[in-house]
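Engineer: Numbering (our numbering), first residue to last: 140 to 502.
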Amino acid sequence: MEIFETSVKLNKANLFSGPAFETLVSDKNVEIKTDVNEKCFTCDVCGKVFSLKDSLNRHFRTHTSGKAYSCHICCKNFSQKCHLNQHYRSHTNERPYTCDICNKNFSFKSNLKEHYRIHTNEKPYSCDVCGKVFSRKGHFDQHLRTHTGEKPYSCEICQKRFSQKWPLNEHYRTHTNEKPYSCDVCNRNFSHKAHLNDHYRTHTNQKPYSCGVCNKEFSFKGNLSRHFIIHTNEKPYSCDVCNKQFTLKSSLNWHFRTHTNEKPYSCDVCSKEFSQKRHLKNHYRMHTNEKPYSCEVCNKKFSQKNSLYVHNRTHTKEKPYSCDACHKKFSQKSNLNTHISSHLKEKPHISKVCGKDFSDVMI
140 MEIFETSVKL NKANLFSGPA FETLVSDKNV EIKTDVNEKC FTCDVCGKVF SLKDSLNRHF
200 RTHTSGKAYS CHICCKNFSQ KCHLNQHYRS HTNERPYTCD ICNKNFSFKS NLKEHYRIHT
260 NEKPYSCDVC GKVFSRKGHF DQHLRTHTGE KPYSCEICQK RFSQKWPLNE HYRTHTNEKP
320 YSCDVCNRNF SHKAHLNDHY RTHTNQKPYS CGVCNKEFSF KGNLSRHFII HTNEKPYSCD
380 VCNKQFTLKS SLNWHFRTHT NEKPYSCDVC SKEFSQKRHL KNHYRMHTNE KPYSCEVCNK
440 KFSQKNSLYV HNRTHTKEKP YSCDACHKKF SQKSNLNTHI SSHLKEKPHI SKVCGKDFSD
500 VMI
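(1) Report all residues from its chain with a CB closer than 6 Å to the CB of residue 443; omit the five preceding and five following residues, and keep chain order.
(2) If you drop the 5 nearest sequence neighbours on each side, which residues of the same chain put their C-beta closer than 6 Å to that of residue 412?
(3) Could you pull out every residue in the same chain whose Cβ sits closer than 8 Å to the Cβ of residue 246, ignoring the five residues on either side in sequence?
(4) Using alpha carbons as the reference points, say which of 425, 450, 184, 297 lies closest to residue 436.
(5) From what residue to what residue does the alpha helix (DSSP H) around residue 201 run?
(6) Between 273, 466, 480, which lies nearest to residue 260 when the distance is taken from Cα to Cα?
(7) Checking the sheet assignment: what are the DSSP bridge partners for residue 265?
(8) How about residue 228: is its C-beta nearer than 8 Å to some C-beta of chain D?
(9) Mapping the DSSP letters down to three states, classify residue 96 as helix, strand or coil.
(10) In angstroms with no decimal places, state the Cα-to-Cα distance between residue 479 and residue 462.
(11) Does DSSP classify residue 167 as helix, strand or coil?
(12) Quick one: give me the first and last residue of the alpha helix (DSSP H) that residue 454 is part of.
(13) Ordered along the chain, which non-local residues of its own chain (more than five positions away) have a Cβ less than 8 Å from that of residue 492?
(14) Compute the Euclidean distance between the alpha carbons of residue 385 and residue 222, then round it to the nearest angstrom.
(15) Determine the closest residue to residue 428 out of 331, 198, 325, with distance taken between C-alpha atoms.
(16) Kindly provide the ranges of any alpha helix (DSSP H) runs that are 4 or more residues long and lie completely inside the region 328-378, ordered along the chain.
(17) Return the first residue and the last residue of the alpha helix (DSSP H) that residue 257 is part of.
(18) What residue does the alpha helix (DSSP H) around residue 211 start on, and which one ends it?
(19) If I'm right that residue 456 touches residue 468 with Cβ under 8 Å, what's the distance once you round it to whole angstroms?
(20) CB-CB under 8 Å to residue 394, same chain, minus the five flanking residues each way: which ones, in chain order?
(21) At the level of alpha carbons, what is the spacing between residue 482 and residue 460?
(22) State buried or exposed for residue 180, treating a residue as buried only when at least 16 other CB atoms are found within 10 Å of its CB.
(23) Please determine, among 466, 465, 315, 434, the residue with the shortest C-alpha to C-alpha distance to residue 453.
(24) Using the DSSP secondary-structure output, state which residues sit across from residue 384 in a beta bridge.
(25) Closer than 7 Å by C-beta to residue 426: which residues in its own chain qualify, once you throw out the five before and the five after it? Chain order, please.
(26) Nearest CA to the CA of residue 258: which residue from 266, 269, 243?
(27) Let's test the definition: count the other Cβ atoms within 10 Å of the Cβ of residue 358 and tell me whether it reaches 16, buried, or not, exposed.
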C-alpha cells in the first residue's frame with residue numbers, strides 16, 4: 140500500500156486546552172503532520188515526532204512558558220501533571236519503587252533504574268576525553284565539566300559560579316545562614332550535611348581514616364592528609380617575609396597573620412578578635428560552656444580537643460616530652476618547660492676566688 144502524507148491545519152481549540160498555550164498559539168495555527176499508517180504527530184517547532192497526540196501535547200509545553208500545574212504545598216509550578224505528582228513525593232517522602240535485590244526504596248523509577256546498575260556494574264556513559272565510565276548520566280555530565288570548565292550554576296546574590304547544583308545550594312546558605320542539619324546528641328546546627336557527619340564523630344569517637352605508614356587513626360580525612368606530610372617531610376609553602384616553610388597552605392596563611400597582625404575572626408559575644416577560625420571556635424565554648432570532647436575511659440568532658448589529648452595520658456601513662464639535660468619525661472609540655480627552668484637556676488660551679496656560685500664554668 141502506498142504511504143502518503145497529509146497536512147492538517149488545526150487551531151488552538153482542537154489541539155490544546157487551558158490558558159498555558161494562549162500566548163503561543165494566539166497568532167498562528169499549529170501544523171501537525173500525520174502519517175496515515177503510523178499516525179505520527181510532528182512538532183512544528185523542533186520537528187520531534189510522536190506516535191500519540193497526547194505525547195505531542197505534553198512535549199509542546201516544553202516550548203511554552205506555561206506551567207499549568209501548581210504544588211499546593213510550596214507553590215512550585217510544573218508543565219506536566221506527572222511531574223507534579225513526582226514532585227509531591229519530595230513532601231510526602233513516598234518511595235513506591237523498591238530494588239528487588241537489596242530492598243532499597245526510591246521515590247522515582249529513574250532513580251531505581253540508576254541504582255540497579257550498582258548491582259549489575261553497568262556503566263553505559265563513557266567520557267570521550269579520558270575514557271572514564273559512569274553508571275549515572277548526572278555523574279557523567281558533572282564529570283564532563285571538569286574538562287570543559289563549564290559552570291552553569293550561578294549564585295543570584297554574589298554571582299559566584301559552580302559546575303554542579305549541589306555546591307550552589309550549599310553555598311547559598313552562607314548568605315541565608317540557614318542551618319538545616321541538627322545533631323541529635325547536642326542539638327548543634329550545621330549548614331552542610333557533611334559538616335554534621337564530621338561533627339558527629341566527636342560524640343562517637345569514630346576514626347575511619349587510617350595512616351598507611353604508622354596506622355594512626357583519624358576522625359577526619361583532612362587530618363589524615365595533614366598527618367601524612369609528617370612522613371614525607373615535604374614543605375612546599377614558603378613565607379615571603381621570613382622564608383619559613385610549611386607543609387600546608389593553610390598553615391602558611393595562618394603564619395602570615397603574625398606579620399600583618401590580621402585578626403579577621405571576631406567573637407559576637409565579647410568582640411575579642413582572633414587570627415584563626417579554630418581559635419575563635421575554641422574561645423566561643425567559654426561562653427556556651429559546650430564540652431563536645433569526651434574521654435572514652437572515664438567520660439570526663441572537655442571544651443578543647445587538646446585538653447582531652449592531655450587528659451588521656453593520665454590513663455595511658457604516656458610521657459612524650461623529654462628533658463635533654465636529664466632525660467626525665469613528662470606528659471605535658473608545660474611541665475617540661477617548668478622542669479627545664481629548674482636546670483637554668485642550678486649553679487653547680489663555685490668560684491675558687493670568691494666562692495660565688497655560677498651555672499656555667501667561667502673561663
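All C-beta atoms in this analysis are idealised placements derived from N, C-alpha and C, irrespective of residue type, glycine included.
This one's a predicted model, so the numbers in the text were calculated from it and none came from an experiment.
Structural biologist: With the given structure in hand:
(1) Start at 1 with the first residue of the sequence shown, and residue 443 comes out as number 304. Answer for residue 443: 421, listed in chain order.
(2) In the sequence shown, the residue the question calls residue 412 occupies position 273. If we look at residue 412 and ignore the five residues flanking it on each side, its Cβ neighbours are 402, 405.
(3) Taking the sequence shown and counting its residues from 1, the one referred to as residue 246 is at position 107. Closer than 8 Å at Cβ, skipping near neighbours: 225, 228, 229, 232, 233, 234, 235, 236.
(4) Working through the sequence shown from its first residue, we reach residue 436 at position 297. That would be 450, whose Cα lies nearest to the Cα of residue 436.
(5) The count along the sequence shown starts at 1 and reaches residue 201 at position 62. No alpha helix (DSSP H) holds residue 201; DSSP gives it neither H nor E.
(6) Within the sequence shown, residue 260 is the residue found at index 121, counting from 1. Among 273, 466, 480, the Cα nearest to that of residue 260 is on 273.
(7) The residue given as residue 265 occupies position 126 in the sequence shown. 272.
(8) Reference to chain D is not applicable here, since this structure consists of a single protein chain.
(9) The first residue shown for the chain is 140 and the last is 502, placing residue 96 beyond what the model contains.
(10) In the sequence shown, counting from the first residue as 1, residue 479 sits at position 340. In the sequence shown, counting from the first residue as 1, residue 462 sits at position 323. Near 7 Å, if we compare the C-alpha coordinates of residue 462 and residue 479.
(11) Position 28 of the sequence shown holds residue 167. With a pLDDT of only 40 at residue 167, under the threshold of 50, the placement of this residue in the model should not be trusted, and no figure is reported.
(12) Residue numbering aside, residue 454 sits at position 315 when the sequence shown is read from its first letter. Counting along the chain, the alpha helix (DSSP H) containing residue 454 begins and ends at 444-455.
(13) Counted from its first residue, the sequence shown places residue 492 at position 353. The answer is none, since no qualifying residue turns up.
(14) Residue 385 sits at position 246 when you count from the first residue of the sequence shown. Residue 222 sits at position 83 when you count from the first residue of the sequence shown. About 53 Å.
(15) If you number the sequence shown from 1, residue 428 lands on position 289. Ranking 331, 198, 325 by Cα distance to residue 428 puts 325 first.
(16) Assignment of alpha helix (DSSP H) within the region 328-378, counting only whole runs of 4 or more residues, yields 332-343, 360-371 in chain order.
(17) Indexing the sequence shown from 1 puts residue 257 at position 118. Where residue 257 is concerned, the enclosing alpha helix (DSSP H) stretches over 248-259.
(18) Stepping through the sequence shown from its first residue, residue 211 is reached at position 72. Looking at the DSSP string, residue 211 is not in any alpha helix (DSSP H), and its letter there is neither H nor E.
(19) If you number the sequence shown from 1, residue 456 lands on position 317. If you number the sequence shown from 1, residue 468 lands on position 329. Between residue 468 and residue 456 the Cβ distance is about 10 Å, and since that is not below 8 Å, they are no contact.
(20) For the purposes of this step, residue 394 is identified with residue 255 of the sequence shown, where counting begins at 1. Here the set comprises 378, 383, 385.
(21) As a position in the sequence shown, residue 482 is number 343, starting the count at 1. As a position in the sequence shown, residue 460 is number 321, starting the count at 1. Those two C-alpha atoms are separated by around 16 Å.
(22) Stepping through the sequence shown from its first residue, residue 180 is reached at position 41. Buried, since its Cβ has 16 or more Cβ neighbours within 10 Å.
(23) Taking the sequence shown and counting its residues from 1, one reaches residue 453 at position 314. The shortest C-alpha separation from residue 453 is found at 434.
(24) Here residue 384 refers to the residue found at position 245 of the sequence shown. 377, per the DSSP bridge assignment.
(25) In the sequence shown, the residue the question calls residue 426 occupies position 287. Answer for residue 426: 408, listed in chain order.
(26) Reading the sequence shown from its first residue, position 119 is the one you call residue 258. Nearest option by C-alpha distance: 243.
(27) Working through the sequence shown from its first residue, we reach residue 358 at position 219. By the neighbour-count rule (16 or more Cβ atoms within 10 Å), residue 358 is buried.
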